[in-house]
Amino acid sequence: MIMAGFLRSVVRRVRREEEIEALQRRVVRLERRLRELESREHINPGNMVWIFGAGRTGSTWLVRMMGDLQGHEVWFEPWVGELFNPDRLQMDRRRGKSFVLAPQYKKTWLRSIRNLILDAVNARFPEATVNGYLIAKEPGGSVGAPLLMEALPESRMILLVRDPRDVVASWLDAHRRGSWAQQKKLEGERCAGLSEEKQDTFVRNTAMRYLKNVGNAKRAYEAHRGRKALVKYEELRADTVGTLKRAYAELGIPVDEEELVRVVERHAWEKIPKEQKGRGKFYRKAKPGGWREDLTPEQIEIVEEITAPLLRELYPA
1189 MIMAGFLRSV VRRVRREEEI EALQRRVVRL ERRLRELESR EHINPGNMVW
1239 IFGAGRTGST WLVRMMGDLQ GHEVWFEPWV GELFNPDRLQ MDRRRGKSFV
1289 LAPQYKKTWL RSIRNLILDA VNARFPEATV NGYLIAKEPG GSVGAPLLME
1339 ALPESRMILL VRDPRDVVAS WLDAHRRGSW AQQKKLEGER CAGLSEEKQD
1389 TFVRNTAMRY LKNVGNAKRA YEAHRGRKAL VKYEELRADT VGTLKRAYAE
1439 LGIPVDEEEL VRVVERHAWE KIPKEQKGRG KFYRKAKPGG WREDLTPEQI
1489 EIVEEITAPL LRELYPA
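Right under this line is the structure:
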């Protein structure tokens, strides 16, 4: 009996040692996997620059200038912010613990948002290095800017704004019959153009979209504790080099002034072929204040009423 008890204790001890060894091997594998995952983040999130705001604010012009600078790459309209549209997620009404983005699990799903973005970046820009800069042009996804910047707090941010009356006027021109938007497929069908009787409704909807996108981008900008810059389209048009120098200084990114001047000249409005500019074209007029000629008094009133909170702060009379 004594011998049997001794043998059982030996067997238990051996099993415990085997379990400990197995656990140690698992820890080693997990540590190796963690190092592999960390090594994949070869793009420094702190070297990502997000451009938020709204469409038709000069974001294409701005990102093309920035993308031409040495050491800069461009992520052109990833629309990742639209995935985290607060209206679509209805986060205020879905308070149940089963909701995948339930507030009590925010720390977990913010990390998932971060990984989603960084994995996408690493897959699309494998040649980028920790010393390069990735410029993400994201006006269409600006509605999700607060969550994106919270998930990537070390990233840098540009809030690009333009007078909402000019933005609405530009979109209105783009959706008239014969304009450039007709060349794009919208939900599988070609845009038939905007009839006269529907223009006021279009103006209202566009102003509301501007309020949501720029409003959310502004909230993200105000909450962001990292490097950031506010750029107004009007200032960019009036003094492109000076405005870019100031923005780069605020972003904490060194830039060669001579290279900056060359890039600005290369992308100047005057360099765009005449046949590509004008009414109904993607490059329309680049004239701040042109809304006075483009919108009816009723349309101006609609835009000013809807976007009043942003107009008062960004474009006071």
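Residues in the sequence shown are numbered consecutively from 1189, following our numbering.
For each residue, glycine too, the CB sits at the ideal point set by N, CA and C.
So, for isoleucine 1441: in the same chain, excluding its five sequence neighbours on each side, which residues have a beta-carbon less than 7 Å away from its beta-carbon? Here isoleucine 1441 has Tyr1321 as same chain residues with Cβ atoms under 7 Å from its own Cβ, once five neighbours each way along the sequence are excluded.
What runs of the beta strand (DSSP E), each 3 residues or longer, lie entirely inside the segment 1408–1482? Entirely contained in the segment 1408–1482, the beta strand (DSSP E) runs reaching 3 residues are, in chain order, 1416–1420.
C-beta atoms of valine 1356 and alanine 1405 nearer than 7 Å: Going by C-beta atoms, valine 1356 is not nearer than 7 Å to alanine 1405.
Would you mind giving the Cβ-Cβ distance between arginine 1353 and leucine 1483, rounded to the nearest angstrom? I have them listed as a contact below 8 Å. 6 Å between Cβ atoms; contact.
For methionine 1345 and phenylalanine 1272, I'd like the C-alpha separation in whole angstroms. One C-alpha to the other measures close to 18 Å.
For alanine 1316, which option in Lys1295, Leu1304, Val1262 and Leu1499 has the closest C-alpha, if you only look at C-alpha atoms? Nearest option by C-alpha distance: Val1262.
Using 10 angstroms around the beta-carbon of valine 1215, count the other beta-carbons present and answer buried if the total reaches 16, otherwise exposed. By the Cβ-count criterion, valine 1215 is exposed, with fewer than 16 other Cβ atoms from all chains shown falling within 10 Å of its own Cβ.
Beta-carbon separation (whole angstroms), tyrosine 1398 vs threonine 1495, contact threshold 8 Å: The C-beta distance from tyrosine 1398 to threonine 1495 rounds to 6 Å, short enough to fall under 8 Å.
Got a sec? Which residues, its chain only, sit under 6 Å from glutamate 1438 by beta carbon, not counting five neighbours each side? Excluding sequence neighbours, glutamate 1438 sits near Ala1417.
Distance between tryptophan 1457 and glycine 1255 (C-alpha atoms, nearest Å): One Cα belongs to glycine 1255, the other to tryptophan 1457, and the distance between them is close to 17 Å.
For valine 1349, the three-state DSSP class (helix, strand or coil): In the structure shown, valine 1349 sits in a strand (DSSP, three-state: E or B).
Under a three-way DSSP split, which group does arginine 1364 fall into? Assignment of arginine 1364 by DSSP, reduced to helix, strand and coil, places it in the strand class.
Who pairs with tyrosine 1321 in a beta bridge, going by DSSP? Beta-bridge pairing by DSSP links tyrosine 1321 to His1260.
So who's on the other strand from arginine 1344, going by DSSP bridges? Partner(s): Val1237.
Excluding the 5 residues preceding and the 5 following glutamate 1463 in the sequence, name in chain order all residues of the same chain whose CB lies nearer than 8 Å to its CB. Result list for glutamate 1463: empty, nothing under 8 Å.
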